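Taking it in order: structure first as structure tokens, then the write-up.
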Amino acid sequence: MGTIVSTVRVGQKIPKEVLKQAKKQYREAQKAPPVYDPDCPPSGPDALEEFAAMAREHRKNRKNPLPIVALRIQPEVLEKYKALGRGYSGIMADVLRVAADNPEILKKAHV
0 MGTIVSTVRV GQKIPKEVLK QAKKQYREAQ KAPPVYDPDC PPSGPDALEE FAAMAREHRK
60 NRKNPLPIVA LRIQPEVLEK YKALGRGYSG IMADVLRVAA DNPEILKKAH V
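In terms of numbering that gives the first Met the number 0, the sequence shown opens at residue 0 and continues consecutively.
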């Protein structure tokens, strides 16, 4: 298995051959047996439950949780983001952050 390198610009679709190659590598990785790091042995059920409890406590005590908002977005724009797969809303947030920090983008968008 190797690394796939591809540059995709905002608004550009991911090339089909890149998606095909990534999906193939993903399927191969799913079939491969897990590889354990000898310095970090697998955790048992007790350790996993303890970690889950710590994660719940951390989320509960977070000082600045991210707000949940509703946006009106054109269906074709939403489909482009959804095509990116799991985590697309985080990508949308990153794009909004970049645009908010760039006056030129905001000027172009304010029509």
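The beta carbon of each residue, even a glycine, is placed where N, CA and C say it ideally should be. These figures come from a predicted structure and were not determined experimentally.
Subject >> Contacting residues, own chain, Cβ-Cβ under 7 Å from residue 88 (five flanking each side not counted) >> reply: Same-chain partners within the cutoff: there are none.
Original post:
In terms of DSSP beta bridges, what is residue 36 paired with?
Top reply: Beta-bridge partners assigned by DSSP to residue 36: 39.
Subject >> Range covered by the alpha helix (DSSP H) that runs through residue 76 >> reply: Residue 76 -> alpha helix (DSSP H) spans 74–81.
Subject >> Rounded C-alpha distance that separates residue 99 from residue 63 >> reply: Looking at the two C-alpha atoms, the distance is approximately 20 Å.
Subject >> residue 83 versus 68, 1 and 9, residue with shortest Cα-Cα distance >> reply: Considering only alpha carbons, the answer is 9.
Subject >> Rounded straight-line distance, which links the Cα of residue 86 to that of residue 92 >> reply: Using only the alpha carbons, I get a separation of about 10 Å.
Original post:
How about residue 21 and residue 3: are their beta carbons less than 8 Å apart?
Top reply: Against a cut-off of 8 Å, the Cβ pair of residue 3 and residue 21 comes out as a contact.
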